[in-house]
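Some notes on the structure that comes next.
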Amino acid sequence: MKPIKLILSSLMLFLAFTGIISCGGSAPETNSKANPDSTAVSEKEDEKLILFFGNSLTAGYGIDPEDAFPGLVQARLDSLGKEFKVINGGLSGETTAGGLSRLDWFLEEEPYIFVLELGGNDGLRGILPSESKNNLLEIIDKVKSKYPNTKIILAGMQIPPNMGQEYTDEFKAIYPAVAAEKNVTLIPFLLEGVAGNPELNLPDGIHPTEEGHQIVFGTVWPFIESEID
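Written out as structure tokens, the structure reads:
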């Protein structure tokens, strides 16, 4: 009789366990959360990615990231019902060399649009423009090599003449040269209408305020819009 009792006990435990799964407890709580999440994931799989890869300007230093120009791009896309997800890959203090070293981590998924905003910190630190240019070229080459269909937009940058006018002019020339060599879209100057205006920048005189980012968004958006229609 002991074997029968053992079988019956095992059966009772099995029925009790399946009853818990079907009626309540921790297992169904996990499942109830999993179902909506899996639906959300399947919906997000249809979203195309827009990766803003840059420094503190992209990150929205000193303000809410949602108010930085990448966040404003996401808001505009959402308002238009466009299936795009914006990824803010901005890192304060980032140089072109630093961006090149961390790029692979951001290329785990294919971006539909890759917006490259780097170089400003190079200029402020007096890094040789030739080095900055080579890093930008290599970043673009990496993106093109892994994702040939990704649309690349290069955000042009300018710096104050603190390093001398010759250096300033040489730095400014990097961006149109890189864009022409790699045949990518160029935003001539990301901070057009914002740079040098105290009312549109934080006290450091470098990073835009929320209002400044609205203007930067106005500069960037036409280039994004032309690639998504």
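The sequence shown: position 44 = 974 (my numbering), numbered continuously. Quick reminder that beta carbons are idealized off the backbone N, C-alpha and C, glycines included.
Determine whether the beta carbon atoms of residue i and residue j lie at a separation below 9 Å.
i	j	result
Lys1074	Lys1112	yes
Met1087	Gly1050	yes
Glu1047	Asn985	yes
Thr1026	Leu1066	yes
Under three-state DSSP, which class holds residue i?
i	result
Glu1111	helix
Phe1119	coil
Val1003	helix
Asn1131	strand
Ala1103	helix
Leu1084	strand
Pro1152	helix
Pro1090	coil
Pro958	Any reading at Pro958 needs caution, since the residue's pLDDT is 31, under 50, leaving its predicted position unreliable; the model's value is listed next. Helix at Pro958.
Suppose you measure from the CA of residue i to the CA of residue j; what does that come to, to the nearest Å?
i	j	result
Pro1118	Ile1043	17 Å
Gly1019	Gly1094	31 Å
Pro875	Ser1022	No information on residue 875 is available, as it lies outside the stretch 931 to 1159 that the chain covers here.
Asn1079	Ile980	13 Å
Lys1102	Glu1157	25 Å
Tyr1165	Phe982	The structure shown does not extend to residue 1165, since the chain spans only 931 to 1159, so no value can be given for it.
Lys1015	Asn1092	38 Å
Let me know if residue i comes out buried or exposed under the rule of 16 or more other beta-carbons within 10 Å of its beta-carbon.
i	result
Glu1096	exposed
Asp1052	buried
Asn1131	buried
Glu1039	exposed
Ser1060	exposed
Give me whichever residues DSSP pairs with residue i in a beta bridge.
i	result
Lys978	Phe1014
Gly1019	Phe983
Ile1043	Ile980 and Lys1081
Pro1138	Asn1131
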